[in-house]
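Chains as they are written, first to last, in the numbering used here: chain A, 17 to 193; chain B, 17 to 193; chain C, 17 to 193; chain D, 17 to 193.
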């Protein structure tokens, strides 16, 4: 992902300083992708069945994530600009929507009494994230910095790994007892 | 794959609008690669033997897919132009041909009575795709938009995951019974 | 990683000669990443439990490594310049700190009597590396070449694969006896 | 690897024609890497023990391969020029040398009576390849096209997958009987 960021021209400190927004947005994107990476690690470990619907739900989810580096580079070069901020937030939003669809596909394959279904529950936090991102996209067009703060809040909600699921699965699956 | 796409210069909305063809072609390529990814997921899970011919048939197939990002970026910057459209279609065509060769190599290693051989059958849909792409390449040189429509049709034929194979394999292999 | 390096313009030998610093720094980075790759190969093979803390410690570690290609390209185009040298050293420093945090997270999950805990011990070499890099970052701002020599020394300390750990684990785990 | 190749400017056929050398060299590099990929597939499947020496021999081998895309892009933009041709050949040479060192490290870990040791034998073809590449590097500086022909010959020697090893291993290892 870092490949899209261009190193500064020349060796001066000012070049590095000018890159700081790009690096901050890269770091945020790294954490954002890491949140999904870690929670999917738990998810796919616990999933017993994979069908066509899950494969496509997963690809749909990856599609939005795959656009993130492009949006991050654009935003890094134009930080605090309304349109790039809104586009970045829209990708976060779509990733959240796609993640919910993926969860639903997995739960549907595992059955309503499976450990995953119980661990996921109603996924209220996922719904709240999606609503916050939706609001953030609109906000970005008038107050980019306020939208940034909202996006950071969404990531912070998840940064503590999904302990709820980790615990529920550890209780449900005997191998970890 | 998205790395080849350059973000817009400057923060204006017009830059994003100008990128829409590139993003549309990226999305189409993503779906196209996803179709192969999903069907190969089934295929390699069911394959019991790997030999030199299969390895090379697979690399030959990957060669054509690996050129797709380059063609997608070129087409994205020159959408509706005859030559880039024809080149993109030619890669779809070659991927289809290579996929048929790969299927044949796997079926030949598994034997005519294997679950894979029965699931694949005569692969008529694969043959139709190849013929459509062949026609599309010629069409692109005179009517690029009509060729685009044909290429979308080919992808749509496969978008519903290869349920036929999934079902046949699930029936044939006891572990999924 | 090599993708960030641009090939010379034109076919002349002088273009190749001008690239030598970039290639030397690329080679050094390759060895540096290889040291971590090999030691983590041992580590994760021996680790029995993975929890949220380990996943995040690993991502934190990978974050600093992921910035290395960018710093390597920048330094390659401005070798012996103080700021790029200091930035490169700072990434080595942060990778070392993050690696120690990762080690601690794994040891904490495995327990103080595990083979890993005994093999890692107090990780004095890790601490020395971190201190050397810290000093190197400051040195880079006044004597870049001296800092380079120090960074090479740090890598050389590890280049001989972590035989101590390899041996300890081979003794502790019966499968290798 | 294809990412380093830039798509043509503008939609004209002439842009595509100008890219043909780049694509030809890309295709050759793809086959070259494929040869190693396939033979290592056999090798690592049969290897029972991995130690520090093997890990470093493998990284050393990958280092030279990782420089190939850069050399391929440079040669594609300056085909038939002496220095880029010689550099490309030098990477083929170093990959061959590194591959022999890797083979020796694996054979040494497995022991002289192992299936791998017998399958590899004295690796005369490997030695011949290295000598041909060495000669080709010198030849490139005076007759680039003749060197190209020699490099194609070396690849052709291996293109037929290493059936000798495949057969020997299949005979030696009961699971494939």
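Heads up, the beta-carbon is just placed ideally off N, CA and C, and yes, glycines get one too. Here the structure is a predicted model, which means the values were calculated and not measured.
{"Query": "I'd like to know if the segment 55-71 of chain D and the segment 108-123 of chain D are in contact, where contact means that at least 3 CB-CB pairs between them fall below 8 Å.", "Result": "yes"}
{"Query": "Cβ closer than 8 Å: which chain C residues qualify as neighbours of residue 118 of chain D?", "Result": "What residue 118 of chain D touches in chain C: nothing, since even the nearest Cβ is about 14 Å away."}
{"Query": "Chain D partners of residue 29 of chain C, CB-CB under 7 Å?", "Result": "99"}
{"Query": "Alpha carbon to alpha carbon, how far is residue 164 of chain B from residue 156 of chain B?", "Result": "8 Å"}
{"Query": "Would you please verify whether the beta carbon of residue 71 of chain C is less than 7 Å from any beta carbon of chain A?", "Result": "yes"}
{"Query": "Measure how close the beta-carbons of residue 32 of chain D and residue 24 of chain D come, nearest whole angstrom, since I'm counting them as under 8 Å.", "Result": "6 Å"}
{"Query": "With a threshold of 7 Å between beta carbons, is residue 113 of chain A in contact with chain B?", "Result": "no"}
{"Query": "Closest by CA to residue 115 of chain A, which one among A:128, A:136, A:130?", "Result": "A:136"}
{"Query": "Relative to the C-alpha of residue 125 of chain A, which candidate in A:62, A:49, A:144, A:58 has its C-alpha closest?", "Result": "A:62"}
{"Query": "Could you list the residues in the segment 38-69 of chain B with a C-beta less than 7 Å from some C-beta on chain D, going in chain order?", "Result": "68"}
{"Query": "Given this structure, state the Cα-to-Cα distance separating residue 162 of chain A from residue 85 of chain C, to the nearest angstrom.", "Result": "33 Å"}
{"Query": "Which same chain residues, not among the five before or five after residue 112 of chain D, have their C-beta less than 7 Å away from its C-beta?", "Result": "142, 145, 146, 149"}
{"Query": "Would a check of beta-carbon distances place residue 3 of chain B closer than 7 Å to chain A?", "Result": "Beyond the ends of chain B as shown, which are 17 and 193, falls residue 3 of chain B; an answer cannot be given."}
{"Query": "Taking 7 Å as the threshold (beta carbon to beta carbon), is residue 155 of chain B in contact with chain D?", "Result": "no"}
{"Query": "When the Cα atoms are used, what is the spatial distance from residue 29 of chain C to residue 90 of chain A?", "Result": "36 Å"}
{"Query": "Taking C-alpha atoms, which residue in A:105, A:57, A:87 lies nearest to residue 26 of chain B?", "Result": "A:87"}
{"Query": "Could you please give the first and the last residue of the uninterrupted alpha helix (DSSP H) stretch that includes residue 143 of chain D?", "Result": "140-158"}
{"Query": "Quick one: grab the DSSP three-state call for residue 137 of chain C.", "Result": "coil"}
{"Query": "State the Cα-Cα distance for the pair residue 74 of chain D and residue 166 of chain B, rounded to the nearest angstrom.", "Result": "46 Å"}
{"Query": "Can you tell me the Cα-Cα spacing of residue 179 of chain C and residue 138 of chain C, whole angstroms?", "Result": "In this predicted model, residue 179 of chain C has a pLDDT of only 47, less than 50, meaning its place in the structure is not dependable enough to derive any value."}
{"Query": "Rounded to the nearest angstrom, how far is the Cβ of residue 79 of chain C from that of residue 46 of chain A, given a contact under 8 Å?", "Result": "5 Å"}
{"Query": "Check the Cβ-Cβ distances between residue 86 of chain A and every residue of chain B, and say whether any is below 7 Å.", "Result": "yes"}
{"Query": "Looking at C-alpha atoms only, which residue of C:54, C:105, C:77 is the closest neighbour of residue 169 of chain C?", "Result": "C:105"}
{"Query": "Is there a C-beta anywhere in chain A that falls below 7 Å from the one on residue 128 of chain B?", "Result": "no"}
{"Query": "Go to residue 61 of chain C, then tell me how far its alpha helix (DSSP H) extends in each direction, as first and last residue.", "Result": "29-62"}
{"Query": "Between residue 22 of chain C and the rest of its own chain, which residues show a CB-CB distance below 7 Å, the 5 nearest in sequence each way excluded?", "Result": "none"}
{"Query": "Going by CA-CA distance only, name the one from D:101, D:64, D:56 that's closest to residue 41 of chain D.", "Result": "D:101"}
{"Query": "When we look at the beta-carbon of residue 50 of chain A and count the other beta-carbons within 10 Å, is it buried (16 or more) or exposed?", "Result": "buried"}
{"Query": "At the level of alpha carbons, what is the spacing between residue 57 of chain C and residue 20 of chain A?", "Result": "29 Å"}
{"Query": "Between the alpha carbons of residue 95 of chain A and residue 127 of chain A, how many angstroms are there, rounded?", "Result": "45 Å"}
{"Query": "Below 7 Å on C-beta distance, what does residue 236 of chain B contact in chain A?", "Result": "Here chain B covers residues 17 to 193 and nothing more, so residue 236 of chain B does not appear."}
{"Query": "Taking residue 76 of chain B and residue 117 of chain B to be in contact with their CB atoms under 8 Å, please state how far apart those CB atoms are, rounded to whole angstroms.", "Result": "7 Å"}
{"Query": "Does residue 69 of chain B come out as helix, strand or coil in the three-state DSSP assignment?", "Result": "helix"}
{"Query": "My output table needs one value for residue 119 of chain C: the three-state DSSP class, helix, strand or coil.", "Result": "helix"}
{"Query": "Within 10 angstroms of the Cβ of residue 154 of chain C, are there 16 or more other Cβ atoms? Answer buried if so, exposed if not.", "Result": "exposed"}
{"Query": "Taking C-alpha atoms, which residue in D:152, D:52, D:97, D:134 lies nearest to residue 174 of chain D?", "Result": "D:52"}
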